[in-house]
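Here my numbering is used: the first residue of the sequence shown is 37, the next is one more, and so on. For every residue, glycine included, the Cβ atom is placed at its ideal position computed from N, Cα and C.
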Amino acid sequence: MQDQTAVLPATAGSNTQTVKIVYIDNLKVMLTVLVVLHHAFITYGAPGGWYYAEKTTSVAASIPMTLFVATNQSFFMGFFFFISAYFTESSYHKKGAARFTIDRLKRLGIPLIFYSFILSPVLCFLVYRFALGHDITYIQFLGGFHPWIDFGVLWFVAALLLFSLLYVGIMLLFKSKLSASGKMPSTLTVVLFALTLALGSYLVRSVFPVGWVLKPVGFQLGHFVQYIALFTLGIVASRGKWLNIVSYKMGKGFAVMVAVMILVVFPVIYYIKEVTNSPVETFSGDGHWQSLMYACWEQFTGIFIIVALLGIARQRWNSQSMFMKNMSRATFAVYIFHPLVLISLSMLFRPLDADPAIKLLFVAPLAVIGSFVLGSLLVKIPGVKAII
Numbered sequence: 037m038q039d040q041t042a043v044l045p046a047t048a049g050s051n052t053q054t055v056k057i058v059y060i061d062n063l064k065v066m067l068t069v070l071v072v073l074h075h076a077f078i079t080y081g082a083p084g085g086w087y088y089a090e091k092t093t094s095v096a097a098s099i100p101m102t103l104f105v106a107t108n109q110s111f112f113m114g115f116f117f118f119i120s121a122y123f124t125e126s127s128y129h130k131k132g133a134a135r136f137t138i139d140r141l142k143r144l145g146i147p148l149i150f151y152s153f154i155l156s157p158v159l160c161f162l163v164y165r166f167a168l169g170h171d172i173t174y175i176q177f178l179g180g181f182h183p184w185i186d187f188g189v190l191w192f193v194a195a196l197l198l199f200s201l202l203y204v205g206i207m208l209l210f211k212s213k214l215s216a217s218g219k220m221p222s223t224l225t226v227v228l229f230a231l232t233l234a235l236g237s238y239l240v241r242s243v244f245p246v247g248w249v250l251k252p253v254g255f256q257l258g259h260f261v262q263y264i265a266l267f268t269l270g271i272v273a274s275r276g277k278w279l280n281i282v283s284y285k286m287g288k289g290f291a292v293m294v295a296v297m298i299l300v301v302f303p304v305i306y307y308i309k310e311v312t313n314s315p316v317e318t319f320s321g322d323g324h325w326q327s328l329m330y331a332c333w334e335q336f337t338g339i340f341i342i343v344a345l346l347g348i349a350r351q352r353w354n355s356q357s358m359f360m361k362n363m364s365r366a367t368f369a370v371y372i373f374h375p376l377v378l379i380s381l382s383m384l385f386r387p388l389d390a391d392p393a394i395k396l397l398f399v400a401p402l403a404v405i406g407s408f409v410l411g412s413l414l415v416k417i418p419g420v421k422a423i424i
């Protein structure tokens, strides 16, 4: 079994520690499914950028779709950074600085090059040819193709590589051997942490609103306060072995708080938006008070979800079938190749005379299934499985 710590949580069975926290592999599968669904929802109605969009005009459909992607955005990529950092710590000490760095450059750098120079042009051509109706060959398309450095969804991999290299530099410079408390943070500490992220995100978004992208790497700096903080927290959590001790009681308590944030607070925010006739853009940044309100909802919701999932999954989902083990092994391949599956399905369903929300009901599950089937096949290829 390949070591998955370069990008996502270590696969169960790779060492003693991961056997005790196999629920992380299961959560990794869930998060990867959410990534595929997230982009499917953006395709057919939710706000956000994607290669191809066919937005529904149904308010009854667009509101729950918006809530879905907003809830996802509040936690799922930050959660990936947290989990990746948790296993970065043990991997670094096991391999040493040189071997760790070479491993990261291989496991993260090669997919970045592949996506930018091979997969990205294919994805753009599919939309250009079948959605925009330009009847040209792929070779002709490449003749006018220019954004060769385009990491697309692999912006996460680029950021993780950057964070990992910075981590190595800090470890070498300061010879960090700090230990962390083997005690989980209190509920109050978690709430204050979320509040700090909310205020930090608001300040950053005053300059870099949500949707502003740093080219060509694809970083949305408006979200990076959370990403940097959770990667750092993952290192601290690894030193304190928090994933071994997070309690079911704590998870249930935060699950209740998540329900309040989603079912009570979000509708209130939407009501305020309608009453004040506030454009969506005011929630993205530029110093608007609506942006502060949304940043608070987003960070509280996201951090509460992460704690809830850790506590509940450790108690209820800490076993793994062979099916889930294979799903977990394929997650990085799914993350890389799901745009190919999703865009192909979107092009296939494009001629269908139906509301985009109806198309979503077919495309979303097919994209999840198709991505995992493709990913499972790819990781069986000798040269590929050595990297992903």
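| query | result |
| --- | --- |
| Among the candidates GLY132, VAL370 and LEU231, whose CA atom is the shortest distance from the CA of LYS211? | GLY132 |
| For ASN51, which residues of its own chain have a beta-carbon under 7 Å away from its beta-carbon, when the five flanking residues on both sides are left out? | Residue placement at ASN51 is flagged as unreliable, the pLDDT there being 38, under the threshold of 50; the coordinate-derived value follows with that caveat. The answer is none, since no qualifying residue turns up. |
| Identify the continuous alpha helix (DSSP H) that holds GLN262 and give its terminal residues. | 260-276 |
| Applying the 10 Å Cβ sphere with the 16-neighbour rule, what's the burial state of SER364? | buried |
| Contact between the region 223-242 and the region 76-95: three or more CB pairs below 8 Å? | no |
| Considering only residues of the same chain and omitting the five flanking positions on each side of VAL65, which have a CB-CB separation below 7 Å? | MET360, MET363, SER364 and THR367 |
| Between the Cα of ILE116 and those of PRO392, TYR371 and LEU413, spot the shortest distance and give me the residue it belongs to. | Just to set this straight, residue 116 is Phe in the shown sequence, not Ile. Nearest of PRO392, TYR371 and LEU413 to PHE116, Cα basis: TYR371. |
| May I have a chain-ordered list of the alpha helix (DSSP H) segments no shorter than 4 residues that lie completely inside the region 90-146? | 95-131 and 133-140 |
| Near LYS277, which residues of its chain fall below 7 Å by C-beta distance, leaving aside the five closest residues on each side in sequence? | GLY218 |
| What is the DSSP secondary structure of LEU410, counted as helix, strand or coil? | helix |
| If you draw a straight line from the alpha carbon of PHE385 to that of VAL69, how long is it in whole angstroms? | 21 Å |
| If we require 3 or more residues per run, which beta strand (DSSP E) segments fall completely within the region 181-251? | none |
| Rounded to whole angstroms, what is the Cα-Cα separation between LEU257 and VAL71? | 19 Å |
| Measuring straight from C-alpha to C-alpha, what distance separates TYR151 and LEU381? | 19 Å |
| For the 8 Å Cβ check, are there 3 or more pairs between the region 92-104 and the region 245-265? | no |
| Is the region 327-344 touching the region 218-231, taking contact as three or more C-beta pairs under 8 Å? | yes |
| In whole angstroms, what separates the C-alpha of THR92 from that of LEU388? | 14 Å |
| Mind checking who PHE255 pairs with in its DSSP beta bridge? | LEU250 |
| Please classify ALA106: is it buried, with 16 or more other beta-carbons within 10 angstroms of its beta-carbon, or exposed? | buried |
| So, for LEU148: in the same chain, excluding its five sequence neighbours on each side, which residues have a beta-carbon less than 7 Å away from its beta-carbon? | PHE187, LEU190, VAL193 and ALA194 |
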